[in-house]
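J.: Protein chains in written order, with our numbering: chain A, 1 to 353; chain B, 354 to 633.
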Amino acid sequence: MKQVTLSNVSKTYPNGVTAVHPTSFDIEKGEFLVLVGPSGCGKSTILRMIAGLESITEGDLDIAGKRVNDVEPALRDIAMVFQNYALYPHMTVFNNMAYGLRNRGTSKAGIDKAVRDAASMLNLGEFLDRKPSQLSGGQRQRVAMGRAIVRNPALFLFDEPLSNLDAKLRGQMRIEIRALQRRLGVTSVYVTHDQVEAMTMADRIVVLNAGRIEQIGTPSEIYHQPRSTFVASFMGAPPMNLIDADYRGNGRVYLAGGMDLPAPVETGRPGAVKIGVRPESARMVETETAGALPFAIDHVEELGAIRLFHGTLGGQPFTVHTSHEHAVPEGTAWLDLRSSTVLMFDGATGARL
Amino acid sequence: MNKTRIFDHLVLLLGVAFMIGPIAVAFLTSTHDPYEIHMKGLMTSWGGDFVATYDKVLFEKGGFTGKVTGLAMLKNSFILGIGFAVGKIVLSMLAAYAIVYFRFKMGVVFFWMIFTTLLLPLEVRILPSYEVMTKLGLVDTYSGLIVPLLASATGTFYFRQFFKSVPEELLEAARIDGAGPFKFFVDILIPLSRNMIAAIFIIMFVYGWNQYLWPMLMTTDESFFTLVRGIKQILLVWVGAQIPDYNQAFALAVLAMIPPILVVIVFQSWFIKGLTESDK
Ligand SMILES: Nc1ncnc2c1ncn2[C@@H]1O[C@H](COP(=O)(O)OP(=O)(O)O)[C@@H](O)[C@H]1O
Ligand SMILES: [Mg+2]
């Protein structure tokens, strides 16, 4: 069942900037949908239009089967967690969580129960009488979550809620938020620029670029079958290797330096293409084998469990990901791409062929 | 190390003496009788008339019509000071709220119009203001004393700057929490503005307390006299051949100082507490 539907929703700000071009997608009930993209691509704008904090220039927004374009945020049955938490500084943790319920006229007993339940779920029980300024970043984050939970909304909206936390806490909260969302079963839209958050948390990912959707899919689809070079290079760290090549329609692609590979697809339209290979998909060997390509290693990054070899393939930057047990060859090694997943993209548009 | 410390303290003590000196002299002089003061000038010793003088100043009816006591003048000054401070804070907060949070046509124009009134203090518009008050029949009333001076560009400006520094997210969170414009103002903005309110209260209370020109114009009835005017009234006797009641004038001056000092002390501690708690 669809919980939220966007039909050709667009946003042009009063200053003339079109932040979101006509965009359509659905969010299933109970789904955790992540909007991901670089800074300025319009993620927050979409989220804020869903929240009702920003007007919708054109198109229709339905929540739970009702068009809500002109409905006040408070009446959309949503809750939002903000990047800077937006806790009321002068209120205690309890009152921060209770404020929305009070405004809705919930009974005193009802408020008390909802807040205490949420607080125990989030391990905030002992902090209920504190002000936000007396809490750590992680605890504030939890209060912001609590404020969303107590309202028992139809939809959670998150705008980069973890970006103010240190890396370790971020990893931990990622798991907590997701576990909590599963437990409550509340449909969620989560905005982030961090592709790791997107990959690890999402049921489905929407990749945005300059106000347009590049691709919608499960994390696995987005990672393994990117629809464009943009998605391929945005998702994954280090990103997918993209090498300029020439496709002549004869079943092979030709790289600079006289190298060539079997073409992964046949399009029948010769032209400039980009060849995409994930760093962990390329296999590095120390001796030349039939069909292997020479790989000039520039430097090696030790990351503990893995090693990253940065170098060039036919003069173009290329990175290979290996386990830490892999030997470190001197100077030139060989790349065997026969068993690798190789993708081919249009050289001009970046679309996958 | 020790030496500099002693020196530091000396400097501070000197500063204190410099500031307190005139007040102490005024207080000590007020405890002498007027003839002595008239002959010997300012006094630096305890005169022994303390109880008599202050009792007279506070409770004896004085003035030409014999209607007003020091206590009544104290009350009037309080009404003026508090009326001023509260009225100015309420008005300028509402004005700033409108300017910062509501997109209405020519909002910027209105802001600058309010701002330019800074260039037009009361003294410039005192005659027209007086005429308006006469026509409204507000001469010799508290409203007449207070209302014409309430519009405050300074207050509006400070609150505007403060409201602009309140994170936008807070407004959005409140909107999602179902707080309309009124609730946001009362539940969020006013509590957040405590320190600002305290600071402006101090300034405006003292300003109202010390008003002289406008009350003199607006009130002919002595029962509306403020302390500041009372001091002047006592010294006016000079035009006759009598010796003015110097002791009473000094006593009134000392009394007139106490409330503003209290206000500063009370609100200052609040203000500093608010600052150090660092809420925002
Ligand atoms: N209130 C606004 N007025 C004008 N332009 C805006 C406003 N908010 C955002 N934009 C512009 O819209 C684009 C998308 O912004 P945003 O949705 O905040 O991006 P993201 O959250 O993906 O970083 C940006 O180019 C930004 O400059
Ligand atoms: Mg954003």
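Just so it is clear, CB atoms sit at the ideal spot from N, CA and C, and this is done for glycine as well.
Compute the Euclidean distance between the alpha carbons of tryptophan 623/B and valine 443/B, then round it to the nearest angstrom.
T.: Their Cα atoms are separated by approximately 19 Å.
J.: Is any beta-carbon of chain B found at less than 8 Å from that of valine 99/A?
T.: Looking at the sequence itself, residue 99/A is tyrosine, so the reference to valine does not match. Yes, tyrosine 99/A lies at the interface with chain B (some Cβ there is under 8 Å from its Cβ).
J.: Between tyrosine 190/A and ligand 1, is the CB less than 7 Å from at least one heavy atom?
T.: It does not: the Cβ of tyrosine 190/A is nowhere closer than 7 Å to a heavy atom of ligand 1.
J.: Can you find a heavy atom of ligand 3 that lies under 7 Å from the Cβ of lysine 43/A?
T.: No copy of ligand 3 appears in this structure; the ligands present are ligand 1 and ligand 2.
J.: In terms of DSSP beta bridges, what is histidine 321/A paired with?
T.: DSSP output for histidine 321/A lists Leu308/A as bridge partner(s).
J.: I'd like the span of the beta strand (DSSP E) that includes asparagine 241/A, first residue to last.
T.: Where asparagine 241/A is concerned, the enclosing beta strand (DSSP E) stretches over 241 to 247.
J.: Is there a C-beta anywhere in chain A that falls below 8 Å from the one on isoleucine 625/B?
T.: No, its Cβ sits nowhere closer than 8 Å to a Cβ of chain A.
J.: May I ask you to verify whether the region 64 to 83 of chain A touches the region 213 to 223 of chain A, counting CB pairs closer than 8 Å and requiring at least 3?
T.: Judged by Cβ distances under 8 Å, the region 64 to 83 of chain A makes no contact with the region 213 to 223 of chain A, as fewer than three pairs qualify.
J.: For asparagine 289/A, count the other beta carbons within 10 Å of its own beta carbon; 16 or more makes it buried, fewer makes it exposed. Which is it?
T.: In the sequence as presented, asparagine is not what sits at residue 289/A; that position holds threonine. By the 10 Å Cβ count, threonine 289/A comes out exposed.
J.: Can you tell me whether DSSP reads glutamine 195/A as helix, strand or coil?
T.: If DSSP states are grouped into helix, strand and coil, glutamine 195/A belongs with the helices.
J.: Starting from leucine 101/A, follow the alpha helix (DSSP H) in both directions and report where the run begins and ends.
T.: Run containing leucine 101/A: 93 to 104, per the alpha helix (DSSP H) assignment.
J.: From the DSSP output, in three-state form, read off serine 39/A for me.
T.: Here serine 39/A sits in coil by DSSP.
J.: In three-state terms, what does DSSP make of lysine 633/B?
T.: Its pLDDT being 45, under 50, lysine 633/B is placed unreliably in this model, and the value from its coordinates should be taken loosely. Coil at lysine 633/B, not helix or strand.
J.: Would you please state the rounded distance, in angstroms, between the beta carbons of asparagine 84/A and asparagine 164/A? I believe it to be under 8 Å.
T.: Going by Cβ atoms, the distance from asparagine 84/A to asparagine 164/A rounds to 7 Å, so yes, they are a contact pair.
J.: What residues from chain B crowd round phenylalanine 82/A, counting only those whose CB sits closer than 8 Å?
T.: Ordered by position in chain B, the residues that pass the 8 Å Cβ test against phenylalanine 82/A are Glu522, Glu525 and Ala526.
J.: If you measure from the beta carbon of isoleucine 529/B to each beta carbon in chain A, is any gap under 8 Å?
T.: Answer yes: the Cβ-Cβ gap between isoleucine 529/B and chain A drops below 8 Å somewhere.
J.: In chain order, what residues of the same chain have a beta carbon less than 8 Å from the beta carbon of tryptophan 334/A, not counting five sequence neighbours either side?
T.: Correct list, in chain order: Met284, Val285, Glu286, Thr287, Glu288, Thr289, Ala292, Leu293, Pro294 and Phe295.
J.: Which residue's Cα is closest to the Cα of glycine 311/A: Ala282/A, Gln225/A, Gly16/A and Leu155/A?
T.: It is Ala282/A.
J.: Give the straight-line distance between the Cα atoms of leucine 605/B and asparagine 563/B, rounded to the nearest whole angstrom.
T.: Going by the C-alpha atoms only, they are around 13 Å apart.
J.: Pull out every residue of the region 103 to 114 of chain A whose Cβ sits closer than 8 Å to any Cβ of chain B, in chain order.
T.: From the region 103 to 114 of chain A, only Asn103 and Arg104 have a Cβ closer than 8 Å to chain B.
J.: Return the Cβ separation of glycine 59/A and serine 10/A in integer angstroms, given the expectation that the two are a contact with Cβ distance under 8 Å.
T.: Confirmed, about 6 Å.
J.: Cβ-heavy atom distance between aspartate 166/A and ligand 2 below 7 Å?
T.: Because no heavy atom of ligand 2 lies under 7 Å away, the Cβ of aspartate 166/A does not count as near it: no.
J.: What does isoleucine 78/A reach in chain B if we use C-beta pairs closer than 8 Å?
T.: Result: Ile529.
J.: Please classify methionine 466/B: is it buried, with 16 or more other beta-carbons within 10 angstroms of its beta-carbon, or exposed?
T.: Exposed is the call here.
J.: Suppose the cutoff is 7 Å on Cβ atoms and the five residues either side in sequence are ignored; what does the same chain contact list for serine 398/B look like?
T.: Here the set comprises Leu381.
J.: On a Cα-Cα basis, can you pick out the residue from Val500/B, Val559/B, Pro474/B and Leu472/B that is closest to valine 485/B?
T.: Of the candidates Val500/B, Val559/B, Pro474/B and Leu472/B, the one whose C-alpha sits nearest the C-alpha of valine 485/B is Val500/B.
J.: Taking its Cβ as the centre, do 16 or more other Cβ atoms sit within 10 Å of asparagine 250/A, making it buried, or is it exposed?
T.: It counts as exposed.
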